[in-house]
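Q: For the sequence shown, our numbering gives the first residue as -8, with consecutive numbering after it.
I'd like to ask some things about the structure below.
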Amino acid sequence: MALDHPNELSLSRVAMKAELLDAETELKLAYAWRDQRDEAALHRLITAYMRLAISMAAKYKRYGAPMNDLIQEAGLGLMKAADKFDPDRGVRFSTYAVWWIKASIQDYVMRNWSMVRTGSTSSQKSLFFNLRRVQARLEREAMARGEELDRHQMRHKISTEIGVPLHDVEMMEGRLSGSDFSLNATQSSEDEGREWIDTLEDDGAQSSEIVEERHDRQTLRDWLVEAIGALNPREQFIIRERKLRDPARTLESLGQELNLSKERVRQLEAAAFAKMRKQLENRSEEVHELLS
């Protein structure tokens, strides 16, 4: 596998020398892995797109994580993408793999940013990776207009720009600006000072997190229902039978029922997914966080 090379330089060299797959070859490799568990096809598919994983890993160097570790996590995301990729959807593997690679890298960065959990909900994750960038842009725009934003105004603008609650912005600012310290340290210099560990909340799921998670799931469910509702009856039937049934119907069985060829059913399925994707993208960028 591409990840068998532990050195960053050797990984990059292997990746740069890897072949560039055309759509037809990529599709054949994906089918070979999905249907026949052909490890040679999987190796070839992953190696071809390792340069994409390395390129994405490099974008997260500013968070202080070792580049080798970032590449390893990106590679793990790439392998997950290859394992879950459905070539019948009619999308390129690289388009699908981007989300798995990004999710793997981001989860690693957030796990290692601090000993204290930095965030878990979609809004907190979005804030962690976008707060500083959005803040810098808003400051540049304000400076160009000759304005000066105070902290309260800046937080409100960030909240609106990213689409998250104001209290999440305030909380994330505090977490990103703070540093780790011993939980056994006392809160004051007095001998009887209480240790910081005594102030920690129960590590069970908090009510606010439960509510946010439920809200995210319901929002995603509503968006998906709306996207499916935009399809025509035949497209809805194909999506329902192919993706919402367990086990899923085969293209061949649907073709027989609809009096269509297997390839025509695949084309209709791909077209339906394209419509749903456009519908979701028009809703909000936040859908990418919910789907990642």
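Where is the CB? At the ideal position from N, CA and C, for every residue including glycine.
Leaving out five residues before and five after Asn103 in sequence, what residues of the same chain have Cβ atoms less than 7 Å from its Cβ?
A: Here residue 103 corresponds to residue number 112 of the sequence shown, with the count starting at 1. The answer, listed in chain order, is Ala56.
Q: Go through the segment 3 to 34 residue by residue and report every complete run of the alpha helix (DSSP H) that reaches 4 residues or more, in order.
A: Correct list: 14 to 27.
Q: With 16 as the cutoff for other CB atoms within 10 Å, does Leu259 come out buried or exposed?
A: Position 268 of the sequence shown, counted from the first residue, corresponds to residue 259. By the 10 Å Cβ count, Leu259 comes out buried.
Q: What three-state label does DSSP hand Thr210 in the structure shown?
A: Stepping through the sequence shown from its first residue, residue 210 is reached at position 219. The answer is helix: DSSP assigns Thr210 an H, G or I state.
Q: Please go through the same chain and pick out, in chain order, the residues whose beta-carbon is closer than 8 Å to the beta-carbon of Arg83, but skip the five residues on each side of it.
A: The sequence position of residue 83 within the sequence shown is 92, counting from 1. Answer for Arg83: Ala14 and Glu17, listed in chain order.
Q: Please confirm whether Ala72 and Ala88 have their CB atoms less than 9 Å apart.
A: In the sequence shown, counting from the first residue as 1, residue 72 sits at position 81. In the sequence shown, counting from the first residue as 1, residue 88 sits at position 97. Yes, they are a contact pair.
Q: Rounded C-beta distance between Lys234 and Leu242? I'm assuming under 8 Å.
A: Translated into positions along the sequence shown, residue 234 becomes position 243. Translated into positions along the sequence shown, residue 242 becomes position 251. Not a contact, Cβ separation roughly 12 Å.
Q: Suppose only complete runs of 4+ residues qualify. What are the alpha helix (DSSP H) ranges in the segment 36 to 117, listed by chain order?
A: For the segment 36 to 117, whole alpha helix (DSSP H) runs of length 4 or above, ordered along the chain, are 41 to 49, 58 to 75 and 84 to 104.
Q: When DSSP labels each residue in this structure, what does Arg136 get in the three-state scheme?
A: In the sequence shown, counting from the first residue as 1, residue 136 sits at position 145. Residue state, collapsed to three classes: coil.
Q: Between Ser244, Leu249 and Ala239, which lies nearest to Asp77 when the distance is taken from Cα to Cα?
A: On the sequence shown, residue 77 is found 86 positions in, with the first residue counted as 1. Measuring from the Cα of Asp77, the nearest candidate turns out to be Ala239.
Q: From Ile229, Leu215 and Lys269, pick the residue whose C-alpha is nearest to that of Arg257; which is it?
A: Residue mapping note: residue 257 aligns to position 266 of the sequence shown, counting from 1. When each option's Cα is compared against that of Arg257, the closest is Ile229.
Q: Around the Cβ of Leu69, are there at least 16 other Cβ atoms within 10 angstroms (buried) or fewer (exposed)?
A: Position 78 of the sequence shown, counted from the start, is the residue given in the question as residue 69. When all chains shown are included, Leu69 counts as buried.
Q: Suppose the cutoff is 6 Å on Cβ atoms and the five residues either side in sequence are ignored; what does the same chain contact list for Ala39 look like?
A: Mapped onto the sequence shown, residue 39 falls at position 48. Result list for Ala39: Ala9, Glu10 and Leu12, in chain order.
Q: So, for Lys266: in the same chain, excluding its five sequence neighbours on each side, which residues have a beta-carbon less than 8 Å away from its beta-carbon?
A: Your numbering for residue 266 matches position 275 in the sequence shown. Cβ within range, chain order: Ala218, Ala221, Leu222 and Glu226.
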